[in-house]
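Residue numbers (the numbering used here): 970 to 1425.
Even for Gly, the Cβ is constructed at its ideal location relative to N, Cα and C.
In this text the structure is predicted, and so the values were computed from the model without any measurement.
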Amino acid sequence: MIIDTHAHLDFPDYKTDLESVLSRAKDADVNCIINVGTSLASSKKSVTLANRFHNIYASIGIHPHDASKVSEQDWQALESLITEPKVIAVGETGLDYYRNRSPHEDQQRIFHKHLTLAKNHNLPVIIHCREASDDCLKILDEHRNGVFKGVVHCFSGTVEVAKKCIELGLYVSFAGPITFSNANTLREVAKSVPVERLLLETDCPFLSPQPKRGERNEPAYLSFIIPVLANVYGLSVQDIKRITTFNAYKLFGIGEAGHDGKIAYAIRNSLYINLTNRCTNVCDFCMRETYPIVKGHHLGIKKEPTAEEVLEAIGDPGGYDEVVFCGYGEPTERLDVLIPVARFLKSKGKRIRLDTNGHGDLIHGRPIMQELKGLVDTICISLNADTADKYKEICKPVFGERTYPALIQFIKDAKQVIPSVQVSIVDMPGVDVEKCERIARELGVDFRVRKYNVLG
Ligand code: SF4
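Laid out in structure tokens, this is it:
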């Protein structure tokens, strides 16, 4: 399933063939659509559409172009729609200083009203912002109050503006223009947006993507936008579909949540194995307990799988470049499962990577590296700090003082046995990256800095 989070199917453009448009959307896997109101009349039509089709939801709002025409009566009529069961957002609202069809003061006044309405009903806001970033961000900041949620649709701002939107907790979506051959700058902006904050939209009937540019747009044309976004993020088309669907669920509460904890899951062309949620660290940056989601996969597992269950979840491992024991927990906690599964995968000629906190020896009370010999091709060990004290502070290991020296020994042992050894740190404030890199160099292993909050 994929979700078009911004469509205007109530527009006259679809008067004669809406059913066919929806059928093509379904064929393109677009199973959920948010129809976004741009006026009182259009908001009413959005609600009607949502009541008619199970997979359409409505957002109600008045476009900034029409801000000067909104009477108090209109506003009250709009407000009365908010309790309709399929109204899931407020907008489109915002500021448009490009076309300037309403005076700025009117646009700002009506924008404030939308934001208050959304906040009072705990709904997300769908924001239109064109050539008005400074005022838009200022107004959004005034309404923040710690519970702000929304999306800036058809984003056309700079990297700096995108960064500020992300800091405000907003999502960002890109429509057809991201596919245009001359849109390199926009694609660079998209790259700066964490994929966890990305949504899909067409803004149909406007802004058709390549190769439909100039024609009427429709939800099925998301299929032209998704590969471009996959390319921008270095992810697969499936990754973008799954992640943006989950993001839409998080923001709007519609579509698929992906609640089930996954044992085996794909990102790009790698297969990841999630053996446990237990870990002997409690790292400051870890979201294992609060938000066990990686690239749209839900990794919170209620029951740890047996080797048979893992093999069943893997199915045919044929198509993957590598298999990674990773997940939200420490894989060597499950050495009894990791080893037979790795042995099976090796027999199928798979490359195997183990991502570990390096506590395996402490967990099992014996050196475990020899047991991984011949099974693991690459091992990535989290170093996370340049001193034992710093490590204790950041990772809070259950083994206390003993942990950091044991971790260093684990890296040395890995160097003797595993063909490729890498240590990593997370670029958190207070971590001395240079010193960590020097430690890696002295140990003769590769070094990688992982971005804070970027997983998978
Ligand atoms: S080692 Fe990994 S799984 Fe364990 S707490 Fe730290 S970040 Fe989380």
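>> For the ligand SF4, I want to know if Asn1243 counts as a neighbour, meaning its beta carbon is within less than 6 angstroms of at least one of the ligand's heavy atoms.
In response: no
> Among the residues of its own chain, which have a CB less than 6 angstroms from the CB of Asp998, if the five just before and after it don't count?
Replying inline: Ile971
> Short check: CB of Tyr1190 to CB of Pro1178, under 7 angstroms?
Replying inline: yes
> Between Cys1252 and the ligand SF4, is the CB less than 6 angstroms from at least one heavy atom?
Replying inline: yes
> For the ligand SF4, any of its heavy atoms closer than 6 angstroms to the Cβ of Cys1173?
Replying inline: no
>> Please classify Ala1058 as buried or exposed, where buried requires at least 16 neighbouring CB atoms within 10 angstroms.
In response: buried
> Given Asp1346, which residues of its chain have a CB within under 6 angstroms of its CB, disregarding the five upstream and five downstream residues?
Replying inline: Arg1320, Ile1321 and Pro1388
> Relative to the alpha-carbon of Leu1376, which residue among Val1386, Leu1352 and Gln1391 has its alpha-carbon at the smallest distance?
Replying inline: Leu1352
>> When you compare the CB of Gln1179 with every CB in chain E, is at least one pair closer than 7 angstroms?
In response: No chain E is present in this structure, which holds just one protein chain.
> Using the beta-carbon count (16 or more within 10 Å), is Pro1398 buried or exposed?
Replying inline: exposed
> Just how far apart, CA to CA, sit Lys1160 and Glu1278?
Replying inline: 37 angstroms
>> Just to confirm the assignment, what range does the alpha helix (DSSP H) spanning Ile1209 have?
In response: Val1206 to Phe1221
> Name the DSSP beta bridge partners of Cys1098, please?
Replying inline: Leu1064
>> Helix, strand or coil, according to DSSP, for Val1164 in the structure here?
In response: helix
> Which runs of the beta strand (DSSP E) fall wholly inside the stretch 1240 to 1305 and span at least 3 residues, in chain order?
Replying inline: 1291 to 1294
> CB Val1293 to CB Tyr1241, shorter than 7 angstroms?
Replying inline: yes
>> For Asp957 and Leu1064, what's the separation of their Cα atoms in angstroms?
In response: The structure shown does not extend to residue 957, since the chain spans only 970 to 1425, so no value can be given for it.
> Are the Cβ atoms of Asn1246 and Gly1298 separated by less than 7 angstroms?
Replying inline: yes
> Just reading off the beta strand (DSSP E) that Thr1325 is part of, what are its end residues?
Replying inline: Arg1320 to Thr1325
> Between Val990 and Val1016, which are expected to be in contact by the criterion C-beta below 8 angstroms, what is the C-beta distance as a whole number of angstroms?
Replying inline: That belief does not hold up - the Cβ atoms of Val990 and Val1016 are roughly 19 angstroms apart, past 8 angstroms.
>> Which residues does DSSP list as the beta-bridge partners of Ile972?
In response: Cys1001
>> Taking a contact to mean a Cβ-Cβ separation below 7 angstroms, would you say Pro1093 touches Lys1118 in this structure?
In response: yes
>> Can you give me the C-alpha to C-alpha distance between Glu1061 and Asp1396, rounded to a whole angstrom?
In response: 37 angstroms
> Out of Leu1139, Asn1004, Ala1282 and Lys1210, which has the shortest C-alpha to C-alpha gap to His1023?
Replying inline: Asn1004
> For Arg1303, is the classification buried or exposed, using 16 other Cβ atoms within 10 angstroms of its Cβ as the cut-off for buried?
Replying inline: buried
> Taking Cβ positions, are Val1414 and Lys1384 nearer each other than 7 angstroms?
Replying inline: yes
>> Whole angstroms are fine: how far does the CA of Gly1265 sit from the CA of Val1028?
In response: The sequence given here places Ser at residue 1028; Val does not occur at that position. One C-alpha to the other measures close to 24 angstroms.
> Among all the DSSP beta bridges, which residues are the ones paired with Gly1119?
Replying inline: Val1094
>> What does the Cβ neighbour count give for Val1141, buried or exposed, with the cut at 16 atoms within 10 Å?
In response: buried
> If you check the beta carbons only, do Pro1174 and Arg1156 fall under 7 angstroms apart?
Replying inline: no
> Just curious, the beta strand (DSSP E) that Ile1194 is in, first and last residue?
Replying inline: Not the beta strand (DSSP E): Ile1194 falls in the alpha helix (DSSP H), residues Leu1191 to Tyr1202.
> Between the C-alpha atoms of Ala1131 and His1081, what's the straight-line distance to the nearest angstrom?
Replying inline: 21 angstroms
>> Less than 7 angstroms between the C-beta atoms of Glu1170 and His975, yes or no?
In response: yes
>> Quick check: is any heavy atom of the ligand SF4 less than 6 angstroms from the C-beta of Asn1326?
In response: yes
> Who does Cys1173 pair with in a DSSP beta bridge?
Replying inline: Ala976
> Any idea if Thr1300 is buried or exposed, counting beta-carbon neighbours within 10 angstroms, 16 or more meaning buried?
Replying inline: It should be noted that the sequence gives Pro, not Thr, for residue 1300. When all chains shown are included, Pro1300 counts as buried.
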